[in-house]
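Report on the structure given below.
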Amino acid sequence: MTRIYSKILFPISAIFLLALLVAPVMAQSPIAATVDRTSLTTDDTLILTVSVSDDGQPMLPSLKGFNLLGSGSSSQISIINGAMSTQMQYNYYLQPTQPGQLTIDPVSLTVNGQTHTTHPITVQVSPGTG
């Protein structure tokens, strides 16, 4: 009987322990950045979207190799089971100034004294016609 329990309890315990170790890593960051495309020409416009789930204004890095043409924002408020959450979305319209592989450095957000950053984003830019 003890062998059956050990065959059942050991895998369950291992899965539970693994879940406890992975949970902090999978905690959602309050900031994320995406682009609408990763391949474009110098004639095209790239949209950098920064989503923020906490209060605060994202800090853009130096956008080397890009001209900032404009920006806009939108907000979403959700109330689920009495808990309110907000989501801000910032759109930045960028035009590459040179061909090649360009990197958008991490965008940062400081919440309660703690700074969160996104991953850098790499795009491939081909020469345009103009």
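Just so you know, we're using my numbering here: the sequence shown kicks off at 25 and counts up by one.
Even glycine gets a Cβ: it sits at the ideal position worked out from N, Cα and C.
The model shown is predicted, which means the values in this text are computed figures rather than measured ones.
Checklist entry - Is it buried or exposed for P151, if we count other Cβ within 10 angstroms and need 16 for buried? => result Mapped onto the sequence shown, residue 151 falls at position 127. P151 comes out exposed.
Checklist entry - Candidates P144, T69, V74, D78: which alpha carbon is nearest M108's? => result For the purposes of this step, residue 108 is identified with residue 84 of the sequence shown, where counting begins at 1. Selected option, being the one with the closest Cα: D78.
Next on the checklist: Alpha carbons only, please: which of S53, S98, P54, L70 is nearest the one belonging to R61?
Outcome noted: As a working note, residue 61 is residue 37 in the sequence shown. Ranking the options by Cα distance to R61, first place goes to L70.
Checklist entry - What does DSSP give as the partner residues of Q91 in its beta bridges? => result Residue mapping note: residue 91 aligns to position 67 of the sequence shown, counting from 1. Note that residue 91 corresponds to Asn in the displayed sequence, not to Gln. Answer by DSSP bridge pairing, in chain order: Q119.
Item to check | Inter-residue Cα distance where the pair is Q125 and N136 | outcome: As a working mapping, residue 125 is identified with position 101 in the sequence shown. As a working mapping, residue 136 is identified with position 112 in the sequence shown. Each residue's alpha carbon lies about 35 Å from the other.
Item to check | Span of the beta strand (DSSP E) around V131 | outcome: As a position in the sequence shown, residue 131 is number 107, starting the count at 1. Taken as a continuous stretch (DSSP letters only), V131 belongs to no beta strand (DSSP E), as it is neither H nor E.
Next on the checklist: Closest to V147 by C-alpha separation, out of P54, S97, Q119, T139, would be which residue?
Outcome noted: Taking the sequence shown and counting its residues from 1, one reaches residue 147 at position 123. It is Q119 whose Cα lies nearest to the Cα of V147.
Checklist entry - For T65, which residues of its own chain have a beta-carbon under 6 Å away from its beta-carbon, when the five flanking residues on both sides are left out? => result Reading the sequence shown from its first residue, position 41 is the one you call residue 65. Excluding sequence neighbours, T65 sits near S150, G152.
Checklist entry - So, is M50 buried or exposed, given that buried needs 16 or more other C-beta atoms within 10 angstroms? => result As a first step, residue 50 must be located in the sequence shown, where it is residue number 26. For M50, the predicted structure reports a pLDDT of 41, less than 50, and the residue's modelled location is therefore unreliable. The matter cannot be settled from this model.
Item to check | DSSP state of Q81 mapped onto helix, strand, coil | outcome: Numbered from its first residue, the sequence shown carries residue 81 at position 57. In the structure shown, Q81 sits in coil (DSSP, three-state: anything other than H, G, I, E or B).
Checklist entry - What is the DSSP secondary structure of Q52, counted as helix, strand or coil? => result As a working mapping, residue 52 is identified with position 28 in the sequence shown. Q52: coil per DSSP, three-state reduction.
Item to check | Simplified DSSP assignment, three categories, for S141 | outcome: To locate residue 141, count along the sequence shown from 1; it is residue 117. It should be pointed out that residue 141 corresponds to Thr in this sequence rather than to Ser. In this structure, T141 counts as strand in the three-state DSSP scheme.
Checklist entry - Given a threshold of 16 other Cβ atoms within 10 Å of its Cβ, counted over all protein chains shown, does I128 qualify as buried or as exposed? => result On the sequence shown, residue 128 is found 104 positions in, with the first residue counted as 1. Counting Cβ neighbours within 10 Å, I128 comes out buried, since at least 16 surround it.
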